[in-house]
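Asker:
There are 2 protein chains.
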Amino acid sequence: MSRKQMHLATILSNGLGLPYAWLEPQVDPADYANIHALVRYAKAAERGKLDFIFLGDFLAQSQRSEAHAPGQTLEPTVVATAIALATDRIGIVNTVSTTFEKPYNIARVLKTLDVVSGGRMGWNAITTSAPHAAANFGRAIDDRETRYAQADEVIQIVQALWGSWQEDAWIADKNARRFTDLSKIAPVNLRGTYASSRGPLEIPPSKQGQPVMAHAGASPHSHALAGRYADILISEVFTIDEARHQRESLRRAATAAGRNPDDIKFFAGVIPTIAATPAEALARRGRLVEPDIIQQVHYLGRLIGLPLGPDDLDTPLSAAQLSAARANPGDPRSFRALEVAREGWTVREVLHHAVIDFHPAPIGPPEVVADHMQEWFEAGAADGFWVTPDIYADGMDAFVDGVVPLLQQRGQFRTEYEGETLRDNLGIDHQYGLRQPHSKP
Amino acid sequence: MSRKQMHLATILSNGLGLPYAWLEPQVDPADYANIHALVRYAKAAERGKLDFIFLGDFLAQSQRSEAHAPGQTLEPTVVATAIALATDRIGIVNTVSTTFEKPYNIARVLKTLDVVSGGRMGWNAITTSAPHAAANFGRAIDDRETRYAQADEVIQIVQALWGSWQEDAWIADKNARRFTDLSKIAPVNLRGTYASSRGPLEIPPSKQGQPVMAHAGASPHSHALAGRYADILISEVFTIDEARHQRESLRRAATAAGRNPDDIKFFAGVIPTIAATPAEALARRGRLVEPDIIQQVHYLGRLIGLPLGPDDLDTPLSAAQLSAARANPGDPRSFRALEVAREGWTVREVLHHAVIDFHPAPIGPPEVVADHMQEWFEAGAADGFWVTPDIYADGMDAFVDGVVPLLQQRGQFRTEYEGETLRDNLGIDHQYGLRQPHSKP
Ligand SMILES: Cc1cc2nc3c(=O)[nH]c(=O)nc-3n(C[C@H](O)[C@H](O)[C@H](O)COP(=O)(O)O)c2cc1C
Ligand SMILES: Cc1cc2nc3c(=O)[nH]c(=O)nc-3n(C[C@H](O)[C@H](O)[C@H](O)COP(=O)(O)O)c2cc1C
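Listed below in structure tokens is the structure:
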């Protein structure tokens with residue numbers, strides 16, 4: 001059932017696109033601080049019936065070079081509110097760190113957003129491992145063990161707070177002068193090693209009860225946490241084999257936690273570049289790669305085990321080079337890089353294929369992108385895709401108006417939202433408060 | 001100049017009104033969790049050219065009786081965003097606790113809101129003294145000395161973070177491939193006893209630079225803090241004498257901090273009840289008092305030094321009682337209570353005048369409310385008023401459409417916004433980052 005059609009999400013980062021997108025003529029660089037631009041992309045995504053908008057969050061300076069725009073400018077609660085009020089059906093999944101935010105605040109902000117959006121929120125619960133983020137809170141980063149133990153406590157407290165105003169606590173009986181039944185709004189009194197809260201949280205249920213749970217990550221700790229709590233996992237995978245492997249690991253973690261593995265949707269990333277012809281698409285993506293081409297050619301050499309430099313850029317790899325090349329098993333992008341190199345492109349063109357990027361990059365007319373997604377989906381590599389437009393200014397529309405209709409025609413994607421809430425559209429069971437313990441299947 | 005016309009603010013608490021407002025027939029009790037109701041009242045306030053909307057915040061359960069609605073349901077960042085996007089000129093002042101929120105988060109959320117609103121935000125920086133709020137963060141309440149020392153550090157760090165992205169750091173030069181001048185986005189590296197942050201905060205200036213500073217409180221610690229940092233002080237005062245006294249104390253605190261005392265606007269609270277006739281207005285306010293009438297009659301007795309009980313409700317105080325009565329100097333509301341009692345009302349009617357409430361309560365046709373405000377303003381008791389509608393459903397419109405035009409006709413209040421930002425409308429100097437030290441005047 002959930003395997004019949006894929007789910008689709010998109011991320012609105014800085015509203016510009018890949019690091020050099022802001023240099024393109026169609027991009028207004030002022031959009032980096034323009035909430036109306038983000039809202040416009042969210043509305044486009046809703047036109048495409050996408051499941052949800054994902055908002056990342058990094059609690060530190062994200063701009064590392066003057067040539068890049070910052071990865072994020074506006075605080076995500078504010079952005080989510082703007083999107084919630086300008087849309088009707090699409091979900092919104094906000095990243096909030098379990099390391100530097102307090103459970104009472106997390107619970108309050110996200111449940112408010114869930115009420116205001118009419119039951120369309122999700123929480124991407126992640127730990128923070130960046131020392132610069134810790135320094136913004138006057139702290140140092142804890143080891144991974146501690147961060148994930150804290151995350152586990154924080155998630156439990158947040159969910160308990162969500163449930164602390166019972167679903168039928170609101171009465172509003174004017175004759176009896178009873179606004180609520182106060183016996184149904186009770187403290188949670190949770191005290192952990194890393195986090196505590198008394199409660200209750202004075203917010204009623206949303207249309208879907210409480211936010212959906214997401215997690216982004218790939219480490220064993222990450223999968224163990226997601227296996228216990230997540231409805232959605234966002235991954236970073238470069239090949240179908242790697243994706244299947246990670247999806248299976250996640251499903252085992254869910255089973256180990258006593259859950260039905262079908263209850264977690266595994267999302268694979270994709271950063272498409274779409275144009276009318278393959279050549280135009282490659283040129284478009286190439287422009288976004290060019291400023292880093294010298295760094296990238298050296299990096300490519302390390303990926304495929306050849307000593308490459310700027311002098312190699314404008315010729316294809318020779319037969320001798322290709323037979324000496326070896327994909328580096330430590331970086332799964334090396335397999336794709338070698339595959340493209342074997343097609344006979346010049347080294348520069350290989351790099352223009354964005355073989356060194358954060359997610360796979362189908363580049364070409366809409367069919368190329370739809371084919372990539374269908375192939376992965378049918379191979380059991382993903383339950384859904386997490387799509388980053390290359391340049392938001394026209395890349396979001398290109399995906400929504402070019403790729404989505406193809407996926408719909410092929411029966412791979414919905415033509416209408418299943419329901420009103422994010423739970424409805426993802427097919428996720430009702431949950432209110434802490435999840436009831438499951439018996440092992 | 002700032003004394004020529006008064007400033008006006010209103011508070012949107014739960015969107016219902018005084019504790020028993022939800023019982024009135026014109027009130028939809030579902031509004032307690034309805035962002036659209038709050039936005040509607042904000043738009044009405046903007047129609048009245050009010051300076052700002054104030055959003056309070058209490059980090060714990062606010063509902064103490066089943067007969068009351070909670071004081072607040074939706075988290076204020078979300079509410080402020082909704083209001084910012086639905087309005088153009090009115091300011092929004094959000095309360096954020098310096099006790100339980102981290103400076104990096106405070107700075108980030110409020111500067112984002114300032115950018116998104118086009119320079120219309122303010123920060124009501126207060127300490128939290130409620131043990132139930134502390135328990136929601138797994139903590140206990142510190143003594144007042146510590147809370148205010150922490151507030152001082154937190155405010156400094158927040159303002160330094162606001163200034164850490166310099167006003168001219170954004171370049172967006174596509175030819176030179178420079179998005180920003182990174183030398184103008186620098187860490188603050190502030191380490192205090194109670195709070196620390198590295199920075200920088202990656203958010204550009206808003207149309208007014210950074211949010212305006214407000215503070216609500218009355219203790220000597222509170223005035224000392226406000227004297228150092230606030231542009232706005234919200235007070236709780238019941239008589240003109242008390243208000244003048246507090247306003248002078250605040251102005252002395254500003255002078256002691258090396259500032260011009262005219263740079264802080266002192267707001268006095270008022271909870272008007274407006275109707276076509278005095279009798280209708282008194283009946284309306286009376287309905288909001290009646291559920292507590294028994295408690296209140298005992299309380300009134302303590303205020304004016306008489307043993308009053310339910311049997312006294314339906315007669316005026318006798319000449320003997322009136323001559324024995326003494327206003328309790330520990331509670332300034334006692335003076336007003338005695339004044340009303342001397343007018344010959346029954347004890348019940350005295351209480352219907354809302355003599356026991358959080359702020360003075362002018363009750364009657366719009367003229368009565370306008371007279372109250374003009375009298376206080378001309379007596380130097382306030383620079384502005386902080387208005388709580390009794391019942392939002394019709395009380396906000398009654399103030400905006402009834403009282404504001406009178407104040408405008410009398411030249412006491414603006415007929416058009418002076419500018420686009422909250423600083424423009426309050427007449428507050430530009431500030432970016434930490435305030436430059438002033439020489440003592
Ligand atoms: C697709 C994806 C998106 C992510 N988004 C964020 C984010 O927005 N903010 C963040 O702090 N970390 C983000 N992360 C990082 C992870 O949540 C996690 O911190 C990181 O993978 C290191 O975790 P580990 O300690 O388990 O190795 C993301 C990771 C992935 C794979
Ligand atoms: C008009 C007014 C509004 C206030 N609003 C809030 C509020 O929204 N949230 C809050 O926690 N405290 C609020 N307070 C409480 C004060 O900020 C302060 O905590 C209280 O006066 C006790 O402070 P003290 O320790 O200086 O005595 C308000 C006070 C006044 C006078």
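Chains A and B supply the protein sequences, listed in that same order.
Letter 57 of the first sequence, counting from 1, is numbered 57 in this note's numbering, and no numbers are missing.
Letter 378 of the second sequence, counting from 1, is numbered 378 in this note's numbering, and no numbers are missing.
Here a beta-carbon is modelled for each residue, glycine too, at the ideal position from N, C-alpha and C.
No experiment lies behind these values; they were computed from the predicted model shown.
Just to check, is the beta-carbon of F385 (chain B) closer than 8 Å to a non-hydrogen atom of ligand 2?
Answerer: Counting from one through the second sequence, the residue named residue 385 (chain B) turns up at place 385. No, ligand 2 has no heavy atom inside 8 Å of this Cβ.
Asker: Report, in whole angstroms, the separation of the C-beta atoms of L422 (chain B) and V212 (chain B), which I expect to be a contact under 8 Å.
Answerer: The residue you call residue 422 (chain B) lines up with position 422 of the second sequence. The residue you call residue 212 (chain B) lines up with position 212 of the second sequence. With 8 Å as the limit, L422 (chain B) and V212 (chain B) qualify as a contact, their Cβ atoms being about 5 Å apart.
Asker: With the cut-off set at 9 Å, would you say L443 (chain B) and Q156 (chain B) are in Cβ contact?
Answerer: In the structure as shown, chain B starts at 1 and stops at 441, and residue 443 (chain B) therefore has no counterpart that could be examined.
Asker: With H, G and I counted as helix, E and B as strand and the rest as coil, what does DSSP make of T95 (chain A)?
Answerer: Stepping through the first sequence from its first residue, residue 95 (chain A) is reached at position 95. Here T95 (chain A) sits in strand by DSSP.
Asker: In the DSSP assignment, find the unbroken alpha helix (DSSP H) run with H36 (chain B) in it and report its ends.
Answerer: To locate residue 36 (chain B), count along the second sequence from 1; it is residue 36. Start and end: 35-47.
Asker: Taking 8 Å as the cut-off, is the beta-carbon of E236 (chain A) closer than that to any non-hydrogen atom of ligand 1?
Answerer: Working through the first sequence from its first residue, we reach residue 236 (chain A) at position 236. Answer for E236 (chain A): yes, Cβ within range of ligand 1.
Asker: Any beta carbon of chain B sitting closer than 9 Å to that of S197 (chain A)?
Answerer: If you number the first sequence from 1, residue 197 (chain A) lands on position 197. For S197 (chain A), the answer is yes, since a Cβ of chain B falls inside 9 Å of its Cβ.
Asker: Work out the CA separation of N425 (chain A) and D442 (chain B) for me, nearest whole Å.
Answerer: Given a span of 1 to 441 for chain B in the structure shown, any question on residue 442 (chain B) remains unanswerable.
Asker: Just mark Q295 (chain B) as buried or exposed, buried being the case when its beta carbon has 16 or more other beta carbons within 10 Å.
Answerer: Here the question's residue 295 (chain B) lines up with position 295 in the second sequence. It counts as exposed.
Asker: For a test of your reading of the model: does the CB of S197 (chain B) fall under 8 Å from any non-hydrogen atom of ligand 1? Yes or no.
Answerer: For the purposes of this step, residue 197 (chain B) is taken as the residue at position 197 of the second sequence. No, the Cβ of S197 (chain B) stays beyond 8 Å of every heavy atom of ligand 1.
Asker: How about the region 135-146 of chain B and the region 174-192 of chain B: do they share at least three Cβ pairs that are nearer than 8 Å?
Answerer: Judged by Cβ distances under 8 Å, the region 135-146 of chain B makes no contact with the region 174-192 of chain B, as fewer than three pairs qualify.
Asker: Using only alpha-carbon positions, find the residue among A:G305, A:D51, A:E367 that is nearest to G122 (chain A).
Answerer: Looking up residue 122 (chain A) in the first sequence gives position 122. Ranking the options by Cα distance to G122 (chain A), first place goes to A:D51.
Asker: Taking any Cβ of chain B, which residues in the region 393-425 of chain A have a Cβ under 7 Å from it, in chain order?
Answerer: Taking 7 Å as the Cβ-Cβ cut-off against chain B, none of the residues of the region 393-425 of chain A qualify.
Asker: Taking 7 Å as the limit between beta carbons, can you name the residues of its chain near L288 (chain B), skipping five residues before and five after?
Answerer: Sequence index remark: in the second sequence, residue 288 (chain B) carries index 288 (1-based). For L288 (chain B), where only same-chain residues beyond five positions count, the Cβ hits under 7 Å are L18, Y20, A21, D390.
Asker: Classify T128 (chain B): buried if its beta carbon has 16 or more other beta carbons within 10 angstroms, exposed otherwise.
Answerer: The residue given as residue 128 (chain B) occupies position 128 in the second sequence. Buried: at least 16 other Cβ atoms inside 10 Å.
Asker: Rounded to whole angstroms, how far is the Cβ of F385 (chain A) from the Cβ of F267 (chain A), which I believe are closer than 8 Å?
Answerer: Numbered from 1 along the first sequence, position 385 holds the residue referred to as residue 385 (chain A). Numbered from 1 along the first sequence, position 267 holds the residue referred to as residue 267 (chain A). That belief holds up - the Cβ atoms of F385 (chain A) and F267 (chain A) are roughly 6 Å apart, short of 8 Å.
Asker: Cβ atoms of G433 (chain B) and Q159 (chain B): under 9 Å apart, would you say?
Answerer: Taking the second sequence and counting its residues from 1, one reaches residue 159 (chain B) at position 159. Taking the second sequence and counting its residues from 1, one reaches residue 433 (chain B) at position 433. For Q159 (chain B) and G433 (chain B), yes; Cβs fall inside 9 Å.
Asker: Does S318 (chain A) have its Cβ less than 9 Å from a Cβ in chain B?
Answerer: Against the first sequence, residue 318 (chain A) aligns to sequence position 318. So no, S318 (chain A) is outside the interface.
Asker: Decide yes or no for the touch test of the region 392-410 of chain B against the region 203-219 of chain B: beta carbon pairs closer than 8 Å, at least 3 of them.
Answerer: No: the two stretches stay apart, fewer than three of their Cβ pairs being nearer than 8 Å.
Asker: Report the three-state DSSP secondary structure of L313 (chain A) (helix, strand or coil).
Answerer: Taking the first residue of the first sequence as 1, we reach residue 313 (chain A) at position 313. In the structure shown, L313 (chain A) sits in coil (DSSP, three-state: anything other than H, G, I, E or B).
Asker: Name, please, each residue of chain A whose Cβ falls closer than 7 Å to the Cβ of W22 (chain B).
Answerer: On the second sequence, residue 22 (chain B) is found 22 positions in, with the first residue counted as 1. Residues of chain A passing the Cβ test: F179.
Asker: How about the region 4-12 of chain A and the region 409-418 of chain A: do they share at least three Cβ pairs that are nearer than 8 Å?
Answerer: The answer is yes - the region 409-418 of chain A touches the region 4-12 of chain A, with three or more Cβ pairs under 8 Å.
Asker: Can you pull the chain A neighbours of I203 (chain B), defined as C-beta to C-beta under 7 Å?
Answerer: Taking the second sequence and counting its residues from 1, one reaches residue 203 (chain B) at position 203. Simply T73.
Asker: Would you mind listing the alpha helix (DSSP H) stretches within the region 63-107 of chain A that are 4+ residues and don't spill past its ends, in chain order?
Answerer: Within the region 63-107 of chain A, the complete alpha helix (DSSP H) runs of at least 4 residues are 76-86.
Asker: Are the C-beta atoms of S65 (chain B) and some chain A residue less than 9 Å apart?
Answerer: Within the second sequence, residue 65 (chain B) is the residue found at index 65, counting from 1. Cβ-Cβ to chain A under 9 Å: yes for S65 (chain B).
Asker: Kindly indicate which three-state DSSP category L55 (chain A) falls into: helix, strand or coil?
Answerer: Against the first sequence, residue 55 (chain A) aligns to sequence position 55. The answer is strand: DSSP assigns L55 (chain A) an E or B state.
Asker: For a test of the three-state rule: what should DSSP assign to S2 (chain A), helix, strand or coil?
Answerer: On the first sequence, residue 2 (chain A) is found 2 positions in, with the first residue counted as 1. Bear in mind that the predicted position of S2 (chain A) carries a pLDDT of just 44, short of 50, making it unreliable; the figure below should be weighed with that in mind. It is coil, neither helix nor strand.
Asker: What are the start and end residues of the beta strand (DSSP E) that includes I171 (chain A)?
Answerer: To locate residue 171 (chain A), count along the first sequence from 1; it is residue 171. First-last of the beta strand (DSSP E) with I171 (chain A): 170-173.
Asker: Does the beta carbon of G286 (chain A) sit closer than 9 Å to a beta carbon anywhere in chain B?
Answerer: Position 286 of the first sequence, counting from 1, holds the residue named residue 286 (chain A). No, G286 (chain A) does not count as interfacial toward chain B.
Asker: Going by C-alpha distance, which of B:T255, B:D168, B:Q63 is nearest W170 (chain A)?
Answerer: The count along the first sequence starts at 1 and reaches residue 170 (chain A) at position 170. Residue B:Q63 is the option with its Cα nearest to W170 (chain A).
Asker: Just to confirm before moving on: does the CB-CB distance between L282 (chain A) and H352 (chain A) stay below 9 Å?
Answerer: The count along the first sequence starts at 1 and reaches residue 282 (chain A) at position 282. The count along the first sequence starts at 1 and reaches residue 352 (chain A) at position 352. Cβ distance < 9 Å, so L282 (chain A) and H352 (chain A) count as in contact.
Asker: Verify the contact flag: Y148 (chain B), CB atom, against every heavy atom of ligand 2, threshold strictly below 8 Å.
Answerer: For the purposes of this step, residue 148 (chain B) is taken as residue 148 along the second sequence, with counting starting at 1. Y148 (chain B): yes, Cβ under 8 Å from ligand 2.
Asker: Would you be able to state if there are at least three C-beta pairs under 8 Å between the region 312-322 of chain B and the region 338-351 of chain B?
Answerer: The region 338-351 of chain B is in contact with the region 312-322 of chain B.
Asker: Thinking just about the alpha-carbon of each residue, which of A:K49, A:A44, A:G15 is nearest to the one in A30 (chain A)?
Answerer: Position 30 of the first sequence, counted from the first residue, corresponds to residue 30 (chain A). Among A:K49, A:A44, A:G15, the Cα nearest to that of A30 (chain A) is on A:G15.
Asker: The region 161-173 of chain A: which residues have C-beta closer than 7 Å to a C-beta of chain B, in chain order?
Answerer: Residues passing the 7 Å Cβ filter: A172.
Asker: Return no unless some Cβ of chain B is closer than 9 Å to the Cβ of V116 (chain A).
Answerer: In the first sequence, the residue the question calls residue 116 (chain A) occupies position 116. Yes, its Cβ sits closer than 9 Å to a Cβ of chain B.
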